[in-house]
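Colleague:
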Amino acid sequence: MIANKKLSNLINDTIREDILRTDAYPISSSDNYIKLDAMESPYVLPEEILDHVINNLRKIHLNRYPSTDKSKLTRIIKEKFNIPCNSDLLFGNGSDELIHLIIQSCCKPGDAVLSPSPSFVFFEMASQFNHAKFIKVDLTDDLQLDICKMIESIKYNLPKIIFLAMPNNPTGGLWNDSDVQSIIDIAPGLVIIDEAYYAFNKKSWMNRLHELQNVLILRTFSKIGLAGIRFGYLAGNPEWIKQINKIRPPYNINVLTESVILSVLDKKYILDEHSNQILSNRIKLSESLREIDHIKSYESYGNFILVRFDNSIIAKNVFNELKSNNILVKDMSNSHSLLSNCLRLSVGTDSENRLLIKTILKIIHKK
Ligand SMILES: *Cc1c(COP(=O)(O)O)cnc(C)c1O
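Be aware that the sequence shown starts at 1, since it is given in full-length UniProt numbering, and climbs by one per residue.
1. R230: beta carbon under 8 Å from a heavy atom of ligand 1?
2. Does the distance from the CB of G232 to the CB of D88 come in under 9 Å?
3. Please name the residue, chosen from H274, Q277, Y301 and V307, that lies closest to L289 on a Cα-to-Cα basis.
4. May I ask you to report which of helix, strand or coil DSSP gives G228?
5. Between N130 and L343, what straight-line distance do the alpha-carbon atoms span, to the nearest angstrom?
6. Starting from R58, follow the beta strand (DSSP E) in both directions and report where the run begins and ends.
7. For I292, tell me which candidate among N281, I314, K155 and S275 has the shortest Cα-Cα distance.
8. Hey, is the region 149-166 in contact with the region 103-115, meaning 3+ C-beta pairs nearer than 8 Å?
9. Among all residues, which have a Cβ less than 5 Å from at least one non-hydrogen atom of ligand 1, and in what chain order do they fall?
10. Have a look at the DSSP bridge pairing and note the partners of R219.
11. Say whether the region 91-107 touches the region 233-252, bearing in mind that this needs 3 or more beta-carbon pairs closer than 8 Å, one atom from each stretch.
12. What's the C-alpha gap between V50 and L226?
13. Count the other C-beta atoms from every protein chain shown that fall within 10 angstroms of the C-beta of P42, then say buried if there are 16 or more, exposed otherwise.
14. Just to confirm before moving on: does the CB-CB distance between D146 and K330 stay below 9 Å?
15. Who does residue 383 pair with in a DSSP beta bridge?
16. In whole angstroms, what separates the C-alpha of K268 from that of N56?
17. Give me the DSSP bridge partner(s) of K136.
18. Give the DSSP-derived three-state secondary structure of A196 in the structure shown.
19. How is S286 classed by DSSP in three states: helix, strand or coil?
20. What's the gap between the Cα of I27 and the Cα of M125?
21. Can you tell me whether DSSP reads K330 as helix, strand or coil?
22. In terms of residues, what are the limits of the beta strand (DSSP E) holding F120?
23. How many whole angstroms separate the CB atoms of I224 and I193, which I take to be in contact at a CB cut-off of 8 Å?
24. Sort R64, N325 and Y25 by Cα distance to F122 and report the nearest one.
25. In terms of residues, what are the limits of the beta strand (DSSP E) holding K296?
26. In whole angstroms, what separates the C-alpha of Q144 from that of S312?
27. Here's the rule: buried if 16 or more other CB atoms are within 10 angstroms of the residue's CB, otherwise exposed. What is E48?
28. In three-state terms, what does DSSP make of F81?
29. Relative to the C-alpha of D179, which candidate in S263, L164 and G94 has its C-alpha closest?
30. Measuring only the C-alpha atoms, how far is N86 from E211?
31. With 16 other CB atoms within 10 Å as the buried threshold, where does I15 fall?
32. Taking contact to mean 3 or more Cβ pairs, one atom from each stretch, closer than 8 Å, check whether the region 353-366 and the region 271-291 are in contact.
33. What are the boundary residues of the beta strand (DSSP E) that D88 is part of?
34. Can you tell me where the alpha helix (DSSP H) with L10 in it begins and where it stops?
35. Please give me, in chain order, every unbroken run of the alpha helix (DSSP H) with length at least 4 that falls completely inside the region 154-207.
36. Of the choices T74, L139, Q128 and N63, whose alpha-carbon is the least far from that of S119?
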């Protein structure tokens, strides 16, 4: 090391300039809060399933690397999630890792990655970290896909990858089939359909996957009750999967994750029951929100609802007051010009949602 060089100078001269300017992904501390900010499932696994999980965990050899043979995991996931038999799967430490791998395997520095905007922030972060050029195509004022602008931008920028989160986070919308098909038809590279929230609307492109040469489907266990284990999968033609698999870090899925997934999938009905419960909670929550003055809520196909308040004072006030009442939601108001005065509310248990509504009403009527 150069003698006497100050650490801060050394860091500034060594770390990439764009990383120095970037803030770490903000995750608020949430101990003891009612967590309605991150689209987790509010339901824990029942005792008898936990017992099954723990019994299987006992059999694991923690001194060994994970097995490289993923054929059992692949077979079970394909079976349980109706994935076309001629597709292959790639597993990631969360779908975040898969998003990295997709971009790394396709993009040289400066190659374009395109997505509607606002959408999942990690598409942009992963593009930036991997030196790709991220192109955002704004949604319409009412937060729908602007298909004309999408087509125009795809033709102009020729993106290697197009990310479509369906349903879209944070807006909750689901793009219509013919628009998505027209994007697939003109895409010069890959289209990644991110179905992180498929369990809450029952609409999926999965059964069409085998007909679509340039489409891969991304899924995660994070929103269906297992956010803590970090597991996602990418489904598609084996030829695509084979290429992307080359840059996967060896042993990226740890033994605990794989075991928990297999144990829980023995009792998959519990995941389905919880997802259906969340879906019906969302419908109730959205009805209650619609009756409140000063709030516009957007139609959602996920386990969250985006709401817009009349003005920024009410939005800020509701966010802060909820927080002082121990309810954590996500403030979206500064994240995008189309999301001014917006909060994103994850769907909780029925009683959590009732408390949320009651608290919002109290805050608004105090004014
Ligand atoms: C939450 C979310 C994910 C999940 O990422 P994980 O790393 O699997 O937790 C992926 N895509 C979208 C659009 C999401 O909202």
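Quick reminder that beta carbons are idealized off the backbone N, C-alpha and C, glycines included.
Modeller: Once the coordinates are examined:
1. Answer for R230: yes, Cβ within range of ligand 1.
2. No; because the gap between Cβ atoms is not below 9 Å, this pair is not in contact.
3. Considering only alpha carbons, the answer is V307.
4. The answer is helix: DSSP assigns G228 an H, G or I state.
5. Taken atom to atom, the span from the alpha-carbon of N130 to that of L343 is near 30 Å.
6. Segment E47 to R58 is the alpha helix (DSSP H) holding R58; no beta strand (DSSP E) there.
7. The residue from N281, I314, K155 and S275 with its alpha-carbon nearest to that of I292 is I314.
8. The answer is yes - the region 103-115 touches the region 149-166, with three or more Cβ pairs under 8 Å.
9. Taking each Cβ in turn, the ones that pass are G94, S95, D96, F120, A165, N169, D194, A196, T220, S222 and G232.
10. R219 pairs with Y233.
11. A contact exists between the region 91-107 and the region 233-252.
12. It should be noted that the sequence gives Leu, not Val, for residue 50. Taking the straight line joining both Cα atoms gives about 12 Å.
13. P42 should be labelled buried.
14. It is not a contact, given that the beta carbons lie outside the stated cut-off.
15. Shown here, the chain extends from 1 to 367; a query on residue 383 therefore has no answer.
16. Whole-angstrom Cα-Cα distance: 16 Å.
17. DSSP links K136 through a beta bridge to S115.
18. In the structure shown, A196 sits in coil (DSSP, three-state: anything other than H, G, I, E or B).
19. If DSSP states are grouped into helix, strand and coil, S286 belongs with the helices.
20. Those two C-alpha atoms are separated by around 15 Å.
21. Residue state, collapsed to three classes: strand.
22. No beta strand (DSSP E) contains F120, which DSSP labels as neither H nor E.
23. Wrong, their Cβ atoms sit about 17 Å apart, outside the cutoff.
24. Nearest to F122 by C-alpha distance, out of R64, N325 and Y25, is Y25.
25. In the DSSP assignment, K296 falls within the unbroken beta strand (DSSP E) covering I295 to S297.
26. Rounded to the nearest angstrom, the two C-alpha atoms are 22 Å apart.
27. It is exposed - the Cβ of E48 has fewer than 16 other Cβ atoms within 10 Å.
28. It is coil, neither helix nor strand.
29. Of the candidates S263, L164 and G94, the one whose C-alpha sits nearest the C-alpha of D179 is L164.
30. Rounded to whole angstroms, N86 to E211 spans 11 Å at the Cα level.
31. Under this definition I15 is an exposed residue.
32. Under the 8 Å Cβ criterion, the region 353-366 counts as touching the region 271-291, having at least three qualifying pairs.
33. Counting along the chain, the beta strand (DSSP E) containing D88 begins and ends at D88 to G92.
34. Boundaries of the alpha helix (DSSP H) harbouring L10: L7 to T14, taken from the DSSP string.
35. Within the region 154-207, complete alpha helix (DSSP H) segments of at least 4 residues are found at 177-186, given in chain order.
36. It is L139 whose Cα lies nearest to the Cα of S119.
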